[in-house]
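I have placed the structure first, in the form of structure tokens, so that the comments after it can refer back to it.
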Amino acid sequence: MISRQHWLGVAMAGLGCWLLTEACQPDVPHIYMSVQDYRIVPRRVHIHRTGPFKLIMTNEGREPHYIVSTLLTHPNTAMEQSSGNSPQVDKRGVRLLPGQRAAFLVHVPPGLYRFRCVIPGHRGMWSMVLVDTREGPSAKR
Numbered sequence: 203m204i205s206r207q208h209w210l211g212v213a214m215a216g217l218g219c220w221l222l223t224e225a226c227q228p229d230v231p232h233i234y235m236s237v238q239d240y241r242i243v244p245r246r247v248h249i250h251r252t253g254p255f256k257l258i259m260t261n262e263g264r265e266p267h268y269i270v271s272t273l274l275t276h277p278n279t280a281m282e283q284s285s286g287n288s289p290q291v292d293k294r295g296v297r298l299l300p301g302q303r304a305a306f307l308v309h310v311p312p313g314l315y316r317f318r319c320v321i322p323g324h325r326g327m328w329s330m331v332l333v334d335t336r337e338g339p340s341a342k343r
């Protein structure tokens with residue numbers, strides 16, 4: 203008898219393969235977020251998209267950051283694996299040390315997704331991504 207964990211693993215592997223296949227498509231737009239000391243740039247991103255897009259976050263500051271967002275933890279979001287010092291991802295978000303980069307393939311429903319750093323003293327660090335399915339440019343900042 204095959205266990206539930208086995209089937210869950212197979213399902214997750216299938217989702218990962220599908221997401222990686224989607225990421226290789228030439229029309230997948232990229233959104234770049236720069237996590238700096240005490241701010242995230244850009245503050246607002248508006249993307250017109252029905253399919254997946256790639257979100258790339260880089261800690262360009264001197265401080266570590268813990269960025270939380272429902273977009274990062276959505277079941278249809280997968281972090282690309284990289285060699286070397288990979289950021290920590292958990293059920294709330296991603297921990298980025300100075301110089302670390304995290305890339306996610308995202309395929310979420312329309313909505314407003316907020317990002318914020320929850321480290322004490324980093325209170326003003328926030329950004330938001332509006333995913334919209336209406337006609338328009340593929341990505342707008």
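In terms of our numbering, the sequence shown opens at residue 203 and continues consecutively.
For each residue, glycine too, the CB sits at the ideal point set by N, CA and C.
All values reported here derive from a predicted model rather than from experimental measurement.
Check, Outcome
"On the CB-based measure, 16 or more other CB atoms within 10 Å of its CB, does V296 come out buried or exposed?", "buried"
"From the DSSP output, in three-state form, read off S236 for me.", "strand"
"Taking T252 as the reference, which of V291, M330 and P312 has the closest Cα?", "P312"
"When the Cα of T275 is compared with those of G263, P231, V237 and K293, which residue comes out closest?", "K293"
"Do you know how far the Cα of R336 is from the Cα of D239?", "34 Å"
"Taking all protein chains shown into account, do 16 or more other C-beta atoms lie within 10 angstroms of the C-beta of S271, making it buried, or fewer, making it exposed?", "buried"
"Go to G313, then tell me how far its beta strand (DSSP E) extends in each direction, as first and last residue.", "G313 to C319"
"What do you reckon, are the CB atoms on V331 and I249 nearer than 8 Å?", "yes"
"If you drop the 5 nearest sequence neighbours on each side, which residues of the same chain put their C-beta closer than 6 Å to that of E265?", "D239"
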